[in-house]
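>
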Amino acid sequence: MLASKIIIPVPKIENRKFTKPLLCGPGPCDVWPSVAEALNKPILSPMCDEYFNLMADIRDSLKYLFQTKSKLVLAISGSGHSAMEATITNLIGPNETMLIATRGIWDERALNIAQRHNIKAIPFRIPFNTTFSYEHIEAELKKWKPTALFVTHGDSSTGTVQKLDGLGELCHKYGALLIVDTVVSIGGVPFLMDEWGVDAVYTSTQKVLSGPAGISPVAFSERAEEKMNNRKHQPPFYLDIKLLAQQWNCYGNTRAYHHTLCSPMLWALLQCLQEINKRTLPKFWKTHADVVGHFHKRLRQYGFNFLVPKAEDRLATVTTVVLPQGYDYLKFVKYMRENYNILIFGGLGPTAGKALRIGIMGVNATIEVADAVADGMAGTLKALTKSSL
Ligand code: PMP
-8 MLASKIIIPV PKIENRKFTK PLLCGPGPCD VWPSVAEALN KPILSPMCDE
42 YFNLMADIRD SLKYLFQTKS KLVLAISGSG HSAMEATITN LIGPNETMLI
92 ATRGIWDERA LNIAQRHNIK AIPFRIPFNT TFSYEHIEAE LKKWKPTALF
142 VTHGDSSTGT VQKLDGLGEL CHKYGALLIV DTVVSIGGVP FLMDEWGVDA
192 VYTSTQKVLS GPAGISPVAF SERAEEKMNN RKHQPPFYLD IKLLAQQWNC
242 YGNTRAYHHT LCSPMLWALL QCLQEINKRT LPKFWKTHAD VVGHFHKRLR
292 QYGFNFLVPK AEDRLATVTT VVLPQGYDYL KFVKYMRENY NILIFGGLGP
342 TAGKALRIGI MGVNATIEVA DAVADGMAGT LKALTKSSL
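Residue numbers (our numbering): -8 to 380.
(1) Go through the segment 148 to 216 residue by residue and report every complete run of the alpha helix (DSSP H) that reaches 4 residues or more, in order.
(2) Measuring only the C-alpha atoms, how far is Ile128 from Arg214?
(3) According to the Cβ coordinates, are Ser61 and Ala191 closer than 8 angstroms?
(4) Verify whether the separation of the beta carbon atoms of Ala307 and Gly157 is less than 8 angstroms.
(5) What is the DSSP secondary structure of Ile49, reduced to helix, strand or coil?
(6) Could you check the C-alpha separation between Thr376 and Pro315 for me, to the nearest Å?
(7) To which residues does DSSP link Lys111 through a beta bridge?
(8) Taking Cβ to Cβ, would you say Gly95 is nearer than 8 angstroms to Gly340?
(9) From the DSSP output, read off the bridge partner residues of Asp146.
(10) Which class does Gly71 belong to by DSSP, given the choice of helix, strand or coil?
(11) Assuming contact is defined by CB atoms lying nearer than 8 angstroms, are Gln153 and Thr138 in contact in what I supplied?
(12) Would you check if the segment 108 to 118 and the segment 86 to 93 touch, i.e. whether three or more CB-CB distances between them fall below 8 angstroms?
(13) Which same chain residues end up closer than 8 angstroms to Leu298 when comparing Cβ atoms and leaving out the 5 residues on each side of it in sequence?
(14) Per DSSP, Gly337 is paired with what?
(15) Curious, which full-length alpha helix (DSSP H) runs of at least 4 residues does the segment 234 to 289 contain?
(16) Say yes only if the C-beta of Gly353 is nearer than 7 angstroms to one or more non-hydrogen atoms of the ligand PMP, and no if none qualify.
(17) Per DSSP, which one or two residues make a beta bridge with Arg116?
(18) Are the beta-carbon atoms belonging to Cys253 and Gly294 less than 8 angstroms from one another?
(19) Which one or two residues does DSSP pair with Thr311 in a beta bridge?
(20) Could you pull the start and end residues of the alpha helix (DSSP H) that Leu321 belongs to?
(21) Note the first and the last residue of the continuous alpha helix (DSSP H) segment covering Tyr229.
(22) So, with DSSP's three-state summary, where would you put Asn81?
(23) Thinking C-beta only, is Leu35 closer than 8 angstroms to Glu41?
(24) Quick one: is Cys15 buried, meaning 16 or more other Cβ sit within 10 Å of its Cβ, or exposed?
(25) Can you tell me where the alpha helix (DSSP H) with Lys136 in it begins and where it stops?
(26) In whole angstroms, what separates the C-alpha of Val1 from that of Ala(-6)?
(27) What residue from Val282, Trp276, Gly350 has the CA that sits closest to Ile358's CA?
(28) Based on DSSP bridge pairs, tell me the residues matched to Phe297.
(29) Under DSSP, the alpha helix (DSSP H) around Ser25 begins and ends at which residues?
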């Protein structure tokens, strides 16, 4: 039947060889063995009880992860950017103002998204290897009276962590909502949504949660919910939190079909969260602090320099390192992969060509992994000096 009409032949796909590296870039990170197993669990229909039970378990665990009593907690089908776009577009309408505390690439992405939706986006910048003072933020809030302030908590492009304690209160004083990106920080460093007055937060699975990318948790405060309920604009259909809340049963047993969620991703997300639940947040924060402390000590011994000058601004999950004069960042990354089978990254956005980015988080937050990376980096530093002399 219609065989004569076939104009493209069956492609020849070669069986490519692949040796899995240790994933120590700023993400994706390796996955928990239990998560790899969970990905093989059965497909569920978006109509059956098991599916809604799974979503309920995920929501309970997300409330723990974000530390919120809010009802409006769910996960977006997509990687971190989808949650970034959902958060911004559900809360802020065209011609409303979003202030963006900008120090890395994710803030620039937020700017890009806001501009595409005709939001009046106002970035204010600091040197990328530093963090914001509340005096600076307050001056900008006072000046612009924005609908919301966007802040990245842990910045994987710069290796910095922004202090957030009390920031919600400061935003609310000027009538602004506080939106926070926790993609590379949650689970690895303290984050307390309700305590810090955060109105909207999103994260993703491929970092500390140690799962595959493709599903991204979000949570909204009552203040954010009220703003959404009174909005005049329509966010993108696929990302409409009001509709998704009906599918995720945020307000009782509504079970409304919006789209077909990927059940292996739901199973995987629950398993990621279970790995954190069983460790508990305070213990997992401490694990990350201890491991990064050990890693930095070893890097200092070999004479590596940190991109972020102040120790309190350094993010526990992603370390940014400046190489001595004359070293090529891409060659360094390539040597690590080829000789140690460890994947680390060069800089991104403002740090491109200026730093190495090394992520030791989630399932990889162990002294053994930190030692393997430190050994590899020391060996690479020596080998590349020799070869370039
Ligand atoms: N925010 C931060 C802090 C990130 O590190 C990343 C991914 N590296 C993103 C947002 C975007 O997430 P994704 O690549 O999953 O879309």
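Think of the CB as a built atom: it goes at the ideal place given N, C-alpha and C, for glycine as much as any other residue.
Walking through what the data contain:
(1) Along the length of the segment 148 to 216, whole alpha helix (DSSP H) runs at least 4 residues long occupy 158 to 164, reported in chain order.
(2) Residue numbering aside, residue 128 sits at position 137 when the sequence shown is read from its first letter. Residue numbering aside, residue 214 sits at position 223 when the sequence shown is read from its first letter. The alpha-carbon separation between Ile128 and Arg214 amounts to approximately 20 angstroms.
(3) On the sequence shown, residue 61 is found 70 positions in, with the first residue counted as 1. On the sequence shown, residue 191 is found 200 positions in, with the first residue counted as 1. No, Cβ-Cβ distance for Ser61 and Ala191 is not below 8 angstroms.
(4) As a position in the sequence shown, residue 307 is number 316, starting the count at 1. As a position in the sequence shown, residue 157 is number 166, starting the count at 1. No.
(5) Working through the sequence shown from its first residue, we reach residue 49 at position 58. Looking at Ile49 - three-state DSSP - the assignment turns out to be helix.
(6) As a working mapping, residue 376 is identified with position 385 in the sequence shown. As a working mapping, residue 315 is identified with position 324 in the sequence shown. CA-CA distance, Thr376 to Pro315, rounds to 10 angstroms.
(7) As a working mapping, residue 111 is identified with position 120 in the sequence shown. Its beta-bridge partners are Thr88.
(8) Here residue 95 corresponds to residue number 104 of the sequence shown, with the count starting at 1. Here residue 340 corresponds to residue number 349 of the sequence shown, with the count starting at 1. A contact, by the Cβ cut-off of 8 angstroms.
(9) Sequence index remark: in the sequence shown, residue 146 carries index 155 (1-based). Answer is Thr151, bridged to Asp146.
(10) Taking the sequence shown and counting its residues from 1, one reaches residue 71 at position 80. The answer is helix: DSSP assigns Gly71 an H, G or I state.
(11) As a working note, residue 153 is residue 162 in the sequence shown. As a working note, residue 138 is residue 147 in the sequence shown. Not in contact: Gln153 and Thr138 (Cβ atoms no closer than 8 angstroms).
(12) yes
(13) Within the sequence shown, numbered from 1, the residue matching residue 298 stands at position 307. Cβ neighbours of Leu298 within its own chain (closer than 8 angstroms, five residues either side excluded): Asn120, Thr149, Gly150, Thr311, Val312, Val313, Thr342, Lys345, Ala346.
(14) As a position in the sequence shown, residue 337 is number 346, starting the count at 1. Partner(s): Leu347.
(15) 254 to 270
(16) Within the sequence shown, residue 353 is the residue found at index 362, counting from 1. Because no heavy atom of the ligand PMP lies under 7 angstroms away, the Cβ of Gly353 does not count as near it: no.
(17) Residue mapping note: residue 116 aligns to position 125 of the sequence shown, counting from 1. The partner list for Arg116 (beta bridge, DSSP) reads Thr93.
(18) By one-based count along the sequence shown, residue 253 stands at place 262. By one-based count along the sequence shown, residue 294 stands at place 303. No, these two residues do not count as a Cβ contact at 8 angstroms.
(19) Start at 1 with the first residue of the sequence shown, and residue 311 comes out as number 320. Per DSSP, the beta-bridge partners of Thr311 are Arg348.
(20) Stepping through the sequence shown from its first residue, residue 321 is reached at position 330. Looking at the DSSP string, the run of the alpha helix (DSSP H) that includes Leu321 is 320 to 331.
(21) Counting from 1 along the sequence shown, the entry for residue 229 is found at position 238. Premise fails: Tyr229 is in no alpha helix (DSSP H) and is neither H nor E.
(22) On the sequence shown, residue 81 is found 90 positions in, with the first residue counted as 1. DSSP places Asn81 in helix when its eight states are reduced to three.
(23) Here residue 41 is taken as the residue at index 50 of the sequence shown, counted from 1. Here residue 35 is taken as the residue at index 44 of the sequence shown, counted from 1. Going by C-beta atoms, Glu41 is nearer than 8 angstroms to Leu35.
(24) For the purposes of this step, residue 15 is taken as residue 24 along the sequence shown, with counting starting at 1. It is buried - the Cβ of Cys15 has at least 16 other Cβ atoms within 10 Å.
(25) Within the sequence shown, the letter at position 145 stands for residue 136. Per DSSP, Lys136 is not a residue of any alpha helix (DSSP H), being assigned neither H nor E.
(26) Position 10 of the sequence shown, counted from the start, is the residue given in the question as residue 1. Position 3 of the sequence shown, counted from the start, is the residue given in the question as residue -6. Their Cα atoms are separated by approximately 12 angstroms.
(27) Taking the sequence shown and counting its residues from 1, one reaches residue 358 at position 367. For Ile358, the nearest C-alpha among the options comes from Val282.
(28) Position 306 of the sequence shown holds residue 297. Its beta-bridge partners are Val312.
(29) Mapped onto the sequence shown, residue 25 falls at position 34. Counting along the chain, the alpha helix (DSSP H) containing Ser25 begins and ends at 24 to 29.
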